[in-house]
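To keep things clear, I will list the structure first and then write my remarks on it.
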Amino acid sequence: MTLPEELAGISSIFVDTAPVIYYIEAHPQFGPLAKEAVTAFQSGILNAFSSVITLTEVLPKPIEQGDEKLARKFAEFLKHGKNLTMIEISEGIAEAAGKLRGRYTFLKSVDAIQISAAIDARADAFLTNDRKLKQIEEIKVLVLVDYL
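Counting from 722, one number per residue, gives the positions in the sequence shown under our numbering.
Have a look at this one:
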């Protein structure tokens, strides 16, 4: 199944950090796939979510490199992107993330928080490029590399 076919079968998606980076930086390999997802939610076909954790993860590299323009582009996309809702991390999400880490011991805290935010938002799928996250049973995980 192609990514557009997968996206056609859902009504909402949580966008993890890597797809945001690939889209904003026009990554040669994964950028076009990330763009398909962004186009789907910006056109209103899907509702999209991400979290404040994504913002935390995308800013360090451009700031470290002195690229304020790129940092602003990331922030603008995440905070004001069309049909993209930023999720705040609540106590409930934090607790759910801890439980996920207990069940899936390979999970890093940041991944558990992102997945818990997606579940809390009732997203139909979680878009990432981290294959190990496909082991998560609580939400459908779409991995960009699988659609190359």
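Glycine is no exception: its CB is placed at the ideal position from the N, C-alpha and C atoms.
To the nearest whole angstrom, what separates the beta carbons of residue i and residue j, a pair I think is in contact under 8 Å?
i	j	result
V741	A769	The Cβ separation is near 10 Å, so there is no contact.
I834	I860	The pair is not a contact, with the Cβ atoms about 13 Å apart (cut-off 8 Å).
I734	L848	5 Å
D851	A739	7 Å
Y743	A755	4 Å
Which stretch, first to last residue, makes up the beta strand (DSSP E) that contains residue i?
i	result
A846	A846 to T849
In the DSSP output, what is residue i paired with across the bridge?
i	result
V862	F847
S733	N768
Between which two residues does the alpha helix (DSSP H) harbouring residue i extend?
i	result
F762	G752 to Q763
T723	No alpha helix (DSSP H) contains T723, which DSSP labels as neither H nor E.
A739	T738 to I745
**Request:** Taking 8 Å as the threshold, find out whether the region 747 to 754 comes into contact with the region 777 to 789 through three or more Cβ pairs.
**Result:** Inter-segment contact for the region 747 to 754 and the region 777 to 789 is absent: fewer than three beta-carbon pairs are separated by less than 8 Å.
**Message:** So within the region 766 to 832, which uninterrupted beta strand (DSSP E) runs reach at least 3 residues, ignoring any that extend past its ends?
**Reply:** Entirely contained in the region 766 to 832, the beta strand (DSSP E) runs reaching 3 residues are, in chain order, 768 to 772 and 805 to 808.
**Prompt:** Taking three-plus beta-carbon pairs below 8 Å as touching, is the region 788 to 803 in contact with the region 829 to 842?
**Reply:** Fewer than three pairs of CB atoms, one per stretch, sit closer than 8 Å, so the region 788 to 803 makes no contact with the region 829 to 842.
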